[in-house]
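In our numbering, the protein residues as written are 56 to 289.
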């Protein structure tokens, strides 16, 4: 595994996030700024990015309209900082997740003897881990995924959001690359690009559809087949 694993990349992303709005020095001011950002995120989840307006955010946050314009000079700054906060929180969450995952991967790798049968079993175990990850995202972090989809769309029109989206993508990409290195991929970088695309499509599809056992089984079957294909080319 690389010296700076996926957890290290996620931590680095969290620490690199920069905010555009007015900086605060007092605890009360920071608390109000936080109220505004949280309110903006709720609106994004409920109404989409286009629902974020100073008046709507002020009403949602329960603060005067002048407060939103004081901390954020325009809607672009407010949107950028709302997504920056999402990226920071998501990166911190993923850093903890990848730390645990790295330990599990090492245990699985140590249990195998390098034989084709052991590697196939490893691929099956990793596929289950990935399927469980997607299901947890859909079941426990659905609102975050909804917001992420909204910001991804808006990033096509806003360079600042596009930079944040790209930074956020590095978290899943490096995690996928690390997993694929464990299962023996000869081309972990390219395979990781494909795996992240599969996971992101599963998350999007899961947001469109209601959860059901058949969809869960299909998700696992797709991941198993993908990892078997990776093994076959190794």
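For glycine and all other residues, C-beta sits at the position ideal for the given N, C-alpha and C.
- Along the segment 199-281, the alpha helix (DSSP H) occurs as fully enclosed runs of 4 or more residues at 214-238 and 243-263, listed in sequence order.
- When rounded, the separation of the alpha-carbon atoms in residue 177 and residue 164 is 7 Å.
- Short of 8 Å from the beta carbon of residue 139, and not among the five residues preceding or following it, lie these beta carbons of its own chain, in chain order: 72, 73, 74, 75 and 219.
- Comparing alpha carbon positions, the residue from 232, 259 and 78 closest to residue 246 is 232.
- Separation of residue 184 and residue 221 (C-alpha to C-alpha, rounded to the nearest whole angstrom) is 24 Å.
- A straight line joining the alpha-carbon of residue 131 with that of residue 88 spans about 15 Å.
- Judged by beta-carbon spacing, residue 145 lies within the 8 Å limit of residue 199, meaning their Cβ atoms are closer than that value.
- By the neighbour-count definition (other C-beta atoms within 10 Å, threshold 16), residue 112 is a buried residue.
- Cβ-Cβ distances below 7 Å link residue 226 to 64, 65, 68, 146 and 149 in the same chain, with the five nearest sequence neighbours on each side left out; the list follows chain order.
- Residue 107: not part of any alpha helix (DSSP H); DSSP gives it neither H nor E.
- Sequence-distant partners of residue 223 (beyond 5 residues in either direction) whose C-beta falls short of 6 Å from its own C-beta, in its chain, are 142.
- In the DSSP assignment, residue 126 falls within the unbroken alpha helix (DSSP H) covering 120-126.
- Between the C-alpha atoms of residue 229 and residue 182 there is a straight-line separation of about 17 Å.
- Cβ neighbours of residue 217 within its own chain (closer than 6 Å, five residues either side excluded): 210.
- The three-state secondary structure of residue 183, taken from DSSP, is helix.
- The beta-carbon separation of residue 277 and residue 253, rounded to 7 Å, stays under the 8 Å limit for a contact.
- For residue 243, the CB contacts under 6 Å within the same chain, skipping 5 residues up- and downstream, are 232, 235 and 236 in chain order.
- For residue 124, the CB contacts under 7 Å within the same chain, skipping 5 residues up- and downstream, are 109 in chain order.
- Annotation: residue 129 is outside any alpha helix (DSSP H) and is labelled neither H nor E by DSSP.
- Spatial neighbours of residue 85 in its own chain (CB-CB distance under 6 Å, excluding positions within 5 residues in sequence) are listed in chain order as 79.
- The residue among 267, 128 and 281 with its C-alpha nearest the C-alpha of residue 194 is 267.
- In this structure, the alpha-carbon of residue 191 lies about 16 Å from that of residue 263.
- Rounded to the nearest whole angstrom, the CA to CA distance from residue 269 to residue 77 is 49 Å.
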